[in-house]
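Asks:
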Amino acid sequence: MMIARLWRPRSTTLLFETRKKNLSLLLIGSSVLTVGAIAFASYWVIRGLILDSLRERAILTVRSSSEKIDTWLAGRMSEIQTIASTPQVRSMKWDVAAPYLQLEQDRLRDFWMLILVNPNGTYYTTRIGFAKGKNLRDRAYFQLAMKGVASVSDMVISRTTGKRQINISTPIWSFPPANYHKFPEDRLEPRRKSLAFYHLPSDPLQKPRVVGNLAGNIPVSHVTEVVSNTQLGEESYAFALDSKGVPIAHPNEHFLSGLNSFLDSPNPTLSSITQKMVNHEEGVALMQLDGQWVYIAYTPLTNAKWSLALVIPQFNLERKLIPLNLLATVVGGLIILATLATLRQMQQFEKTP
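Just so you know, we're using the UniProt record's numbering here: the sequence shown kicks off at 1 and counts up by one.
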């Protein structure tokens, strides 16, 4: 009876000590896990913020270049539309328009050739005159012009020179259109008198009709120059695609020998990104290209159905993460050391009578 009474307090004490040790171990383990989880979560949050900032920088870089190309194209479009509105060109008579167009070609150095297209698709150029046996009625830019729409063409193979080219195209109106949503009352009489002076329909509200198409052939050298100067770190490069995914400018000349589209690329990821570019989307994607992982930032142009892309090696874009990764490694190592030290202390504590 006495033995039982002595054993119970001893047993209770041992049970209490065991529970105390287990509780201490649980608290320490939970603390270590909590600190580790917070550190891990903080690392990924900060890493994500830095990556977002780097991606945004890539987008801003490619946007800046696309705006330069847009501005240049807008200037060329303005020049072509101004030429198309002159009486010489509106006459649609080559013997009347040719001297003026020849002088304009000399003045406007960005155009390699000016093209006057009849409604049936036959045409004249400032290089060869009448293009005998050739027709442009199937060209998309001509079809748009005959519907009254100015445009920047996709990459085409010239039927005159046999070379890759781009055309700035605009409709030729029977007389200058009035670009008002609602015609101002104070402009009716001046317009009537001006039309009458040129022996044109005197009704100021009458709308003109499309009588032909004027196009200016531009070399891609300016676009190529802007694209080649679009970089973000070492080994980065840019390329431009038209609305069909055909390269307009690319550092690899192999892609510039024909009209092969990146939509047909054997690389499914590149084909998918090209489809997004053709759809005029904007974004940044990580993909494997030519055996290495790269980021591709892409954005559309405004004055043409083109897109510009910037290719950046993954390491170049993520190099600013190196200090964060080193810090995470150090913190992770300290947490592991702290955990091992705690476990060792607990083992020593358990051996203590």
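The beta-carbon is built from N, C-alpha and C at its ideal position, and this holds for glycine as well.
Have a look at the DSSP bridge pairing and note the partners of proline 247.
Replies: Looking at the DSSP assignment, proline 247 forms a beta bridge with Leu241.
Asks: For tryptophan 112, which of Gly216, Ala178, His280, Asp264 has the nearest alpha-carbon?
Replies: With distances taken between Cα atoms, tryptophan 112 lies closest to Gly216.
Asks: With a CB to CB cut of under 6 Å and the five nearest residues on each side skipped, what residues in its chain are close to leucine 327?
Replies: Only weak support is given to the placement of leucine 327: the predicted model assigns it a pLDDT of 48, under 50, and the question is left unresolved by the model.
Asks: What is the DSSP secondary structure of phenylalanine 315, reduced to helix, strand or coil?
Replies: Helix, per DSSP.
Asks: My output table needs one value for valine 220: the three-state DSSP class, helix, strand or coil.
Replies: Looking at valine 220 - three-state DSSP - the assignment turns out to be coil, as it is neither helix nor strand.
Asks: Is there a C-beta anywhere in chain B that falls below 8 Å from the one on proline 208?
Replies: Reference to chain B is not applicable here, since this structure consists of a single protein chain.
Asks: Helix, strand or coil: how does DSSP classify proline 300 here?
Replies: Three-state DSSP puts proline 300 in a strand.
Asks: Pull up the distance between the alpha-carbon of serine 158 and that of arginine 164, whole angstroms please.
Replies: Between serine 158 and arginine 164, the C-alpha separation is close to 6 Å.
Asks: Going by DSSP in three states, valine 149 sits in which element: helix, strand or coil?
Replies: In this structure, valine 149 counts as coil in the three-state DSSP scheme.
Asks: Answer yes or no: do threonine 126 and glutamine 102 have a C-beta to C-beta separation smaller than 8 Å?
Replies: Yes, these two residues count as a Cβ contact at 8 Å.
Asks: Candidates His280, Leu289, Gly291: which alpha carbon is nearest isoleucine 63's?
Replies: Looking at the sequence provided, one finds arginine at residue 63 rather than isoleucine. Ranking His280, Leu289, Gly291 by Cα distance to arginine 63 puts His280 first.
Asks: Which residues in the same chain have their Cβ closer than 7 Å to the Cβ of leucine 200, if we skip the five residues on either side of it in sequence?
Replies: If we look at leucine 200 and ignore the five residues flanking it on each side, its Cβ neighbours are Phe175.
Asks: Where does the unbroken alpha helix (DSSP H) through threonine 269 begin, and where does it stop?
Replies: Residues 268-278.
Asks: Exposed or buried, which one is isoleucine 168 when buried takes at least 16 other CB atoms within 10 Å?
Replies: Buried, because 16 or more other Cβ atoms sit within 10 Å of the Cβ of isoleucine 168.
Asks: DSSP on threonine 92, reduced to helix/strand/coil?
Replies: Reading the sequence as shown, one finds methionine at residue 92 and not threonine. Reduced to three states, the DSSP call for methionine 92 is coil.
Asks: Per DSSP, what are the beta-bridge partners of valine 294 in this structure?
Replies: Answer is Met287, Pro313, bridged to valine 294.
Asks: DSSP on tryptophan 72, reduced to helix/strand/coil?
Replies: It is helical.
Asks: Using CA atoms only, rank isn't needed, just tell me which of Leu259, Ile296, Lys305 is closest to leucine 54.
Replies: The residue with the shortest Cα to Cα distance from leucine 54 is Ile296.
Asks: Please report how far the alpha carbon of glycine 245 lies from the alpha carbon of arginine 191, in whole angstroms.
Replies: Each residue's Cα considered, the two are about 45 Å apart.
Asks: Can you give the beta carbon distance from serine 153 to isoleucine 166, rounded, assuming they're within the 8 Å contact cut?
Replies: Between isoleucine 166 and serine 153 the Cβ distance is about 6 Å, and since that is below 8 Å, they are a contact.
Asks: Using a threshold of 8 Å, state whether the C-beta atoms of valine 223 and isoleucine 80 are closer than that.
Replies: No, the Cβ-Cβ distance between valine 223 and isoleucine 80 is not below 8 Å.
Asks: From what residue to what residue does the alpha helix (DSSP H) around leucine 188 run?
Replies: Leucine 188 -> alpha helix (DSSP H) spans 188-197.
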